[in-house]
Every structure is written in C-alpha cells, then in structure tokens.
Amino acid sequence: MPKTMEVVCTDDDCEFDMAGLHFTYDMPDDTGVDAFSCPYCGGPVEEIEV
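Residues in the sequence shown are numbered from 81 upward in steps of one, following our numbering.
If you want it as structure tokens, here you go:
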C-alpha cells in the first residue's frame, strides 16, 4: 500500500488545519514532508501523527 502522510501548516497566521497526502506507487521512497507546502498559504508544513 502506498505511503500516506498527515501534515499541518507551521505558519501561525494560516487558517489551514490539516491535510492527508496519499502517495502513488510511483512516488520515490525518499519523498518526505520537505517536498510539500501548504495548499492554502504556500508556507512550510510539518508531518503529524494522528
């Protein structure tokens, strides 16, 4: 099963709450949270455990 990752925006002024990223089988294994940004404000995101 492909990897999944839950992320939150680290910008305190951003209204974005949380997103779940669902990888495809073709996504490189070493793809991490640093490859993504907030879909709302464009700021950095961090991975969380839910």
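Don't be surprised by glycine CBs; every beta carbon is placed ideally from N, CA and C. All values derive from a computational prediction rather than experimental measurement.
Residue range of the beta strand (DSSP E) that includes residue i
i: C118; result: Here C118 belongs to no beta strand (DSSP E), and DSSP marks it neither H nor E.
CB of residue i within 8 Å of CB of residue j, strictly
i: C118; j: D92; result: no
i: M85; j: V113; result: yes
i: T139; j: P82; result: The structure shown has nothing for residue 139, since the chain only spans 81 to 130.
i: V87; j: L101; result: yes
Neighbour flag for residue i against chain D, beta carbons, 8 Å
i: L101; result: No chain D appears in this structure, which consists of one protein chain only.
Residue i to residue j span [Cα, whole Å]
i: T108; j: A99; result: The sequence shown places Pro at residue 108, rather than the Thr named in the question. When rounded, the distance between both Cα atoms is 20 Å.
i: C121; j: A115; result: 15 Å
i: D110; j: F96; result: 26 Å
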